[in-house]
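Notes to accompany the following structure.
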Amino acid sequence: MHFKLCGKSYEAKMTLAAMKMFKERTDKDLWFTLISVLHCFTNNMGKDLLTVTKSLALAVDPLTAAELLYCLAKQENKSLGIEEFEDGVMRCGWRPIEGENTDSVEPYTFLLVDVAQQVDKQMHTLAIKKKERTGLDSPAESS
18 MHFKLCGKSY EAKMTLAAMK MFKERTDKDL WFTLISVLHC FTNNMGKDLL TVTKSLALAV
78 DPLTAAELLY CLAKQENKSL GIEEFEDGVM RCGWRPIEGE NTDSVEPYTF LLVDVAQQVD
138 KQMHTLAIKK KERTGLDSPA ESS
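Reminder that position 131 of the sequence shown reads as 148 in this note's numbering, one-by-one numbering, no gaps.
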């Protein structure tokens with residue numbers, strides 16, 4: 018998966034290591050945080066922009082959002098530092114910016130919705146893949 022934070026592209030991946038890292042750094046559960054984002058977004062569909070962004074910001078504060086994005090991106094690029102994610106989330110803000118040259122500046126609240134949807138799709142794809150038989154499996158395990 019990938020996302021853009023303040024115009025910079027990042028490759029990211031949902032892994033057990035990302036979940037553990039997020040838990041250690043925030044004492045929060047990564048899946049629950051992403052589910053909370055999706056829940057807030059779907060519950061507020063059709064409402065005004067301020068209501069939607071306020072609900073998303075209440076679900077995930079900016080520092081937690083920076084940690085979430087960092088933990089996912091760190092799985093693909095070990096040289097990343099948390100500071101660039103904190104800075105990016107702060108500069109992007111919590112609501113859309115209108116005007117010229119703002120196409121690549123998505124607010125962190127909506128970026129989290131996109132990331133949550135990508136993680137959901139990734140996990141769904143993994144869940145439906147059949148386990149390949151390794152030869153080490155007993156016949157009872159592979160049926």
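For glycine and all other residues, C-beta sits at the position ideal for the given N, C-alpha and C.
- It is roughly 16 Å from the alpha-carbon of Val136 to the alpha-carbon of Cys57.
- At a Cβ-Cβ threshold of 8 Å, Leu97 and Lys91 count as neighbours.
- For Lys91, the enclosing alpha helix (DSSP H) begins and ends at Pro79 to Lys91.
- Contact check for Lys40 against Asp46 passes: the beta carbons are separated by less than 8 Å.
- Counting only residues of its own chain and dropping the five nearest sequence neighbours on each side, Lys30 has a CB closer than 7 Å to the CB of Met18, Leu89, Gln92 and Glu93.
- For Glu101, DSSP assigns no beta-bridge partner whatsoever.
- With distances taken between CA atoms, Val77 lies nearest to Val106 out of Met140, Gln139 and Val106.
- Boundaries of the beta strand (DSSP E) around Ser26: Lys25 to Glu28.
- At a Cβ-Cβ threshold of 8 Å, Cys109 and Leu33 do not count as neighbours.
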